[in-house]
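Just so we're on the same page, our numbering is the position in the sequence shown counted from 1, plus 1006.
To keep things clear, I will list the structure first and then write my remarks on it.
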Amino acid sequence: MTYMEILPVIPASSDTSRTRKVCRALIRNALPAALPAILLCSLFFISWTAPVSAGPVVTAEEALTGAAIFSLSLSYDQAISSSLQSWQNPVVLGSSRLLHNVGYSAGVALTLGGIYLADEETGIDAIKSVLLTQAAVNVGKVLLGRERPDTENSRGRFTGMSFDDAYHSMPSGHTATAFSLATVLAHHDPKRSWLYYGYATVMGLSRVVLARHWPSDVVAGAFIGIISARLVLDAGD
């Protein structure tokens, strides 16, 4: 008698069904925790590649990788948003609201003024970069007309040209400005790159936590900020 003959006979269909149920349960339980990591990894990858200044402003490899990251975040926009918003607690909400206020015009102006006073050359680069970033962001917001997550019955639809702030979700201006500044500061002070990009990443996550932007808006904003800063820095070299 062979070992195959003494093994219990389990119908293939039953075994397959059981395996599928186990896999579904694992995915159902693990996916909510993994989704925020998708956005985090995307933003940290952007940060990691941003300081590279040799060669073209954007290489073909970076463009392809960026497109892949954007597509991934766009595909999981609602799921990642729901998962990140489940983290809400007084500390997270308070920090996110603080960053929300800092990222507006007055906060950005004070930040730029402080950078300029600390180092004139860095300050000039930062001002140019932020101005270019905001120009690109505002054009994108108007042309794309994407619904913000906190708009009633929002599904993140792209409605086309709109001057209504409720349809100015993509790209994220707060995130774009944060990554623009981070790229300039990291160029002039590479030893603290982790601090600048860390702040920019937290800023991006806060926009999703507050339901002001979809994850793909944040990724798009990060790319715009980085590219704008690279253009300014490249022109100055």
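All C-beta atoms, glycine included, are put in the ideal place defined by N, C-alpha and C.
What does DSSP give as the partner residues of residue i in its beta bridges?
i: R1152; result: F1164
Does DSSP put residue i in a helix, a strand or coil?
i: T1157; result: coil
i: S1178; result: coil
i: H1106; result: helix
i: W1093; result: coil
i: Y1082; result: coil
i: F1169; result: coil
i: D1195; result: coil
In chain order, what residues of the same chain have a beta carbon less than 6 angstroms from the beta carbon of residue i, not counting five sequence neighbours either side?
i: P1177; result: V1143, G1146, D1223, A1226, G1227 and I1230
i: D1156; result: A1217
i: S1186; result: S1135, V1136, T1139, G1231, S1234 and A1235
i: H1219; result: S1175, S1178 and R1213
i: L1105; result: M1209 and S1212
i: A1018; result: Legend: pLDDT at A1018 = 47, less than 50; position of this residue unreliable, no value from coordinates given.
i: Y1202; result: A1188, L1191 and A1192
Please go through the same chain and pick out, in chain order, the residues whose beta-carbon is closer than 7 angstroms to the beta-carbon of residue i, but skip the five residues on each side of it.
i: G1166; result: G1151
i: V1063; result: I1233, R1236, L1237 and D1240
Could you spell out the range, first to last residue, of the alpha helix (DSSP H) harbouring residue i?
i: Y1202; result: S1199 to V1215
i: A1065; result: With the sequence shown as reference, residue 1065 is identified as Thr, and Ala is not the correct amino acid for it. Element bounds for T1065: n/a, residue is neither H nor E.
i: P1221; result: P1221 to G1242
i: Y1122; result: S1111 to A1124
Leaving out five residues before and five after residue i in sequence, what residues of the same chain have Cβ atoms less than 8 angstroms from its Cβ?
i: I1075; result: S1048, F1051, I1052 and V1225
i: R1163; result: R1152 and E1153
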